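J.:
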Amino acid sequence: LFVEDLSGSVTQLTADGNRKFINGTFDWVYEEEFACRDGFRWSPDGRSIAYWQIDARGTRDFFMINNTDSVYSRVIPVEYPKVGESPSACRIGVVDIETAKTNWIKVEGDPRQHYIVRLEFIPGTREFIAQQLNRKQNESKLLRCDARYGTSAVIFSEHDPAWVDVYTPASAENSYSVDFKHEVDWLNNGKEFLWSSEKDGWRHLYRISADGKKETLITPGNYDVIALKGIDEKSGHVYFLASPENATRKYLFRTRLDGKGKPERLTPAGLDGTHQYQISPSARYAQHVFTNTFTRPVGELVSLPDHKPIKESESIMAKLPKVQEAKFTEFLKVKTEEGVEMDGWMVKPKDFDPSKKYPVVFYVYTEPWGQNVTDSYGASKNYLYEGDMREDGYLYISIDNRGTPAPKGRDWRKAIYRKIGLVNIRDQAMAAREIVKWPFVDPARVAVWGWSGGGSATLNLMFQYPEIYRTGIAIAAVANQLTYDNIYQERYMGLPQENMEDFVKGSPITYAKNLKGNLLYIHGTGDDNVHYANAEMLINELVKYNKRFQLMSYPNRTHSISEVEGTL
328 LFVEDLSGSV
338 TQLTADGNRK
348 FINGTFDWVY
358 EEEFACRDGF
368 RWSPDGRSIA
378 YWQIDARGTR
388 DFFMINNTDS
398 VYSRVIPVEY
408 PKVGESPSAC
418 RIGVVDIETA
428 KTNWIKVEGD
438 PRQHYIVRLE
448 FIPGTREFIA
458 QQLNRKQNES
468 KLLRCDARYG
478 TSAVIFSEHD
488 PAWVDVYTPA
498 SAENSYSVDF
508 KHEVDWLNNG
518 KEFLWSSEKD
528 GWRHLYRISA
538 DGKKETLITP
548 GNYDVIALKG
558 IDEKSGHVYF
568 LASPENATRK
578 YLFRTRLDGK
588 GKPERLTPAG
598 LDGTHQYQIS
608 PSARYAQHVF
618 TNTFTRPVGE
628 LVSLPDHKPI
638 KESESIMAKL
648 PKVQEAKFTE
658 FLKVKTEEGV
668 EMDGWMVKPK
678 DFDPSKKYPV
688 VFYVYTEPWG
698 QNVTDSYGAS
708 KNYLYEGDMR
718 EDGYLYISID
728 NRGTPAPKGR
738 DWRKAIYRKI
748 GLVNIRDQAM
758 AAREIVKWPF
768 VDPARVAVWG
778 WSGGGSATLN
788 LMFQYPEIYR
798 TGIAIAAVAN
808 QLTYDNIYQE
818 RYMGLPQENM
828 EDFVKGSPIT
838 YAKNLKGNLL
848 YIHGTGDDNV
858 HYANAEMLIN
868 ELVKYNKRFQ
878 LMSYPNRTHS
888 ISEVEGTL
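According to this note's numbering, the sequence shown holds residues 328 to 895 in order.
1. Give me the Cα-Cα distance between Gly821 and Gly833, rounded to the nearest whole angstrom.
2. Under 9 Å, do Gly563 and Tyr604 count as touching if we go by C-beta distance?
3. Between Ala706 and Thr620, which are expected to be in contact by the criterion C-beta below 8 Å, what is the C-beta distance as a whole number of angstroms?
4. For Ile637, is the classification buried or exposed, using 16 other Cβ atoms within 10 angstroms of its Cβ as the cut-off for buried?
5. Determine the extent of the beta strand (DSSP E) in which Ser479 is found, giving its start and end residues.
6. Take the Cβ of Tyr476 as the centre, count every other Cβ of all protein chains shown within 10 Å, and call the residue buried at 16 or more, exposed below.
7. Based on Cα-Cα distance, which residue from Lys587, Lys635, Tyr692 lies nearest to Pro732?
8. So, is Gln877 buried or exposed, given that buried needs 16 or more other C-beta atoms within 10 angstroms?
9. By Cβ distance below 7 Å, which residues in the same chain neighbour Asn728 in space, the five residues on each side in sequence not counted?
10. Which term fits Tyr407, buried or exposed, when burial requires 16 or more other beta carbons within 10 angstroms of its beta carbon?
11. Reducing DSSP to helix, strand and coil, say where Gln339 ends up.
12. Give me whichever residues DSSP pairs with Pro686 in a beta bridge.
13. Where do the ends of the beta strand (DSSP E) carrying Lys468 lie?
14. Who pairs with Pro404 in a beta bridge, going by DSSP?
15. Assess contact between the region 780 to 798 and the region 835 to 849, defined as three or more Cβ pairs (one per stretch) separated by less than 8 Å. Is contact present?
16. Beta-carbon separation of Pro686 and Leu722 under 9 Å?
17. What whole-angstrom Cβ distance do Asp551 and Pro734 have, given they're in contact under 8 Å?
18. Helix or strand or just coil, what does DSSP make of Asn619?
19. Looking at the structure shown, is Ile553 part of a helix, part of a strand, or coil, going by DSSP?
20. Tell me, to the nearest whole angstrom, how far the beta carbon of Tyr811 is from that of Gly851; I am working on the premise that it is less than 8 Å.
21. For the ligand MN, is there any heavy atom lying closer than 8 Å to the beta carbon of Leu555?
22. Where does Pro496 land, buried or exposed, given buried means 16+ other C-beta within 10 angstroms?
23. CA-CA distance, Met757 and Gln698?
24. By Cβ distance below 6 Å, which residues in the same chain neighbour Gly586 in space, the five residues on each side in sequence not counted?
25. Using 8 Å as the threshold, is the region 562 to 579 in touch with the region 599 to 617, meaning 3 or more CB pairs across them?
26. With a threshold of 16 other CB atoms inside 10 Å of the CB of Ala759, please say whether the residue is buried or exposed.
27. Can you list, in chain order, the residues of its chain with a C-beta nearer than 6 Å to that of Val405? Leave out the 5 residues immediately preceding and following it.
28. Could you tell me the distance, in whole angstroms, from the CA atom of Ser570 to the CA atom of Asp599?
29. Within 8 Å, do at least three Cβ pairs link the region 480 to 487 to the region 392 to 402?
30. Please report the residue range of the beta strand (DSSP E) in which Asn845 lies.
31. Near Pro450, what residues of its chain come up, given a Cβ to Cβ distance below 8 Å and the 5 sequence neighbours on each side ignored?
32. When burial is assigned at 16 or more other CB atoms within 10 Å of the CB, is Met879 buried or exposed?
33. Kindly indicate which three-state DSSP category Glu359 falls into: helix, strand or coil?
34. On the DSSP letters alone, give me the boundaries of the alpha helix (DSSP H) that Gly671 sits inside.
35. By the 10 Å Cβ neighbour count, where 16 or more other Cβ atoms means buried, how is Leu333 classified, buried or exposed?
36. Which residue wins for smallest C-alpha separation from Val831, given the options Ile747, Trp778, Asn873, Leu869?
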């Protein structure tokens, strides 16, 4: 960690760092699963910096092999904690930028069995709030830390039988590429702050005093706050995204900061779909962007709270004729024989004839990290190949099962706890069983594909329900849950030392012997996220049972398979 003043003078503040002993930034898994990047925070007076120190020296390296850049192979080490392995130790120091002396904060709990995922100075003070999670991530504590004395005290805690989401509401704004919002939203000159929690069964905003002694629920009701967008303390309002009636959409609401008001929808009626907002600090204006499955993203500048366009000629309504396309995507609900109702979308073939039977391709993700079924542009696009499924005569369908991060309440999202590979897979299969009953669906031509978690789901669907799915394309899949990283896997599945059977039952490799249909498996050998070892373990199992399949390996490509000529 270094500091540079405006004259260009540079001072080194830490000197003990290396690849596995990290000051002011993070190891691979903190970055991947907590979206932690810059591991430092300036004090309000500019005299000191609080920073994370990550000790990953106890974390083993996973070795990837580069076989193509030389006639001799090259080993590429990646510091990677597998599920069941202890996390990196973590502590917080506060360094004086004049003396480069660090004062370490005393925090209860084994630093190698806990995470510190958020840190923010209280305005106008030398104190800060830090969020600590236990290793299972089912207990969260907010600590008030004093940079001068190195002390900390718990001011707020919560426990969930499954896991405590560490995201602020901004996280859910983009459910697949999660946009973490690490900053604390302060009120009343730092005497209070806003916090989100699912402890009453819905994701809501709470107003908490900085000493933790007072707590007020400000968004009561049976709905989820999707994203906190702005605060107007002067008028006493908070702005947020929600969609109580339709989990595939997002609209702007506001309510009173004292918790005594009812949510008021500000997004005008008539524009069904997904709305995004960037609200000015004064909360008088907002950049508003609208999209749905047949409308390319289109924006305007509006005033708040009346939501009127600043210039009518540059309003979304004025621009719509130029950004709207033919409406091909249909939204649907599927209810299984077990009573689970799920949202989905469907794109029918061109010149659809309901008297004919068509092949169907299911696009899946299914895990807590992603929601496929959203009313937004590109959500139903074919990413499988360079072509048009509609033109090629396929029904293209996606269903969001229980466990996906839709705004349907805590119980929906956490029904998957310790059951990844079971609950999500059964929901998908039961939905497919209902769909193949439709008169225009050919039950003999059912395919499924997905990437990453969706690749894992594809394998599980092909192996566990071979009577439904005849063809599958799985990309960069976790074939064995014991190969993935500890933060993600332990959050949703627990610790393998305590419930190994859940990891075994949820892993596709367990059911590989059941393969009957056509399988194409694709993976990059340079994948530092879902390691190529998954492919080799799966291949071994399929060969063991004399199963025929197709394989496409991409040398040195990462999880996105987007590097080097031919896959750019």
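Here a beta-carbon is modelled for each residue, glycine too, at the ideal position from N, C-alpha and C. Predicted model, so just to flag it, every value in this text is computed and none were measured.
T.: Considering the structure as presented:
1. Stepping through the sequence shown from its first residue, residue 821 is reached at position 494. Stepping through the sequence shown from its first residue, residue 833 is reached at position 506. Each residue's Cα considered, the two are about 12 Å apart.
2. Looking up residue 563 in the sequence shown gives position 236. Looking up residue 604 in the sequence shown gives position 277. No, they are not a contact pair.
3. In the sequence shown, the residue the question calls residue 706 occupies position 379. In the sequence shown, the residue the question calls residue 620 occupies position 293. About 6 Å separates the two Cβ atoms, so the contact holds.
4. Reading the sequence shown from its first residue, position 310 is the one you call residue 637. It is exposed - the Cβ of Ile637 has fewer than 16 other Cβ atoms within 10 Å.
5. Taking the sequence shown and counting its residues from 1, the one referred to as residue 479 is at position 152. Taken as a continuous stretch (DSSP letters only), the beta strand (DSSP E) holding Ser479 covers 478 to 486.
6. The count along the sequence shown starts at 1 and reaches residue 476 at position 149. With fewer than 16 Cβ atoms within 10 Å of its Cβ, Tyr476 is classed as exposed.
7. The residue given as residue 732 occupies position 405 in the sequence shown. The residue with the shortest Cα to Cα distance from Pro732 is Tyr692.
8. Within the sequence shown, residue 877 is the residue found at index 550, counting from 1. It counts as exposed.
9. If you number the sequence shown from 1, residue 728 lands on position 401. Same-chain partners within the cutoff: Met669, Thr693, Asn751, Asp754, Gln755.
10. Within the sequence shown, residue 407 is the residue found at index 80, counting from 1. Tyr407 should be labelled buried.
11. Your numbering for residue 339 matches position 12 in the sequence shown. Looking at Gln339 - three-state DSSP - the assignment turns out to be strand.
12. Start at 1 with the first residue of the sequence shown, and residue 686 comes out as number 359. DSSP output for Pro686 lists no bridge partner at all.
13. In the sequence shown, counting from the first residue as 1, residue 468 sits at position 141. Residues 466 to 473.
14. Against the sequence shown, residue 404 aligns to sequence position 77. Note: Pro404 sits in a beta bridge opposite Phe390.
15. yes
16. The residue labelled residue 686 in the question sits at position 359 within the sequence shown. The residue labelled residue 722 in the question sits at position 395 within the sequence shown. Cβ atoms of Pro686 and Leu722: closer than 9 Å.
17. Taking the sequence shown and counting its residues from 1, one reaches residue 551 at position 224. Taking the sequence shown and counting its residues from 1, one reaches residue 734 at position 407. Contact holds; Cβ gap of about 4 Å.
18. Residue 619 sits at position 292 when you count from the first residue of the sequence shown. Strand, per DSSP.
19. Working through the sequence shown from its first residue, we reach residue 553 at position 226. Here Ile553 sits in coil by DSSP.
20. Position 484 of the sequence shown, counting from 1, holds the residue named residue 811. Position 524 of the sequence shown, counting from 1, holds the residue named residue 851. No, Tyr811 and Gly851 are not in contact; Cβ-Cβ is about 16 Å, not under 8 Å.
21. No copy of the ligand MN appears in this structure; indeed no ligand is present at all.
22. Translated into positions along the sequence shown, residue 496 becomes position 169. Residue confidence for Pro496 is low, a pLDDT of 37 falling below 50, so the modelled location carries little weight and cannot support an answer.
23. One-based indexing of the sequence shown puts residue 757 at position 430. One-based indexing of the sequence shown puts residue 698 at position 371. So the alpha carbons of these two residues sit roughly 18 Å apart.
24. Counted from its first residue, the sequence shown places residue 586 at position 259. The answer, listed in chain order, is Thr543, Leu544, Ile545.
25. yes
26. Residue numbering aside, residue 759 sits at position 432 when the sequence shown is read from its first letter. It is buried - the Cβ of Ala759 has at least 16 other Cβ atoms within 10 Å.
27. Along the sequence shown, read from residue 1 onward, the residue named residue 405 stands at position 78. Excluding sequence neighbours, Val405 sits near Phe389, Asp855.
28. Stepping through the sequence shown from its first residue, residue 570 is reached at position 243. Stepping through the sequence shown from its first residue, residue 599 is reached at position 272. Each residue's alpha carbon lies about 11 Å from the other.
29. no
30. Here residue 845 corresponds to residue number 518 of the sequence shown, with the count starting at 1. Run containing Asn845: 845 to 851, per the beta strand (DSSP E) assignment.
31. The residue given as residue 450 occupies position 123 in the sequence shown. Correct list, in chain order: Pro371, Trp513, Asn516, Gly517.
32. Sequence index remark: in the sequence shown, residue 879 carries index 552 (1-based). Flag for Met879 reads exposed.
33. Residue numbering aside, residue 359 sits at position 32 when the sequence shown is read from its first letter. In the structure shown, Glu359 sits in a helix (DSSP, three-state: H, G or I).
34. For the purposes of this step, residue 671 is identified with residue 344 of the sequence shown, where counting begins at 1. From DSSP, Gly671 is part of no alpha helix (DSSP H) but of the beta strand (DSSP E) over 668 to 674.
35. Here residue 333 refers to the residue found at position 6 when the sequence shown is read from its first residue. The residue in question, Leu333, is exposed, as its Cβ has fewer than 16 Cβ neighbours within 10 Å.
36. For this step, residue 831 is matched to residue 504 along the sequence shown. Residue Ile747 is the option with its Cα nearest to Val831.
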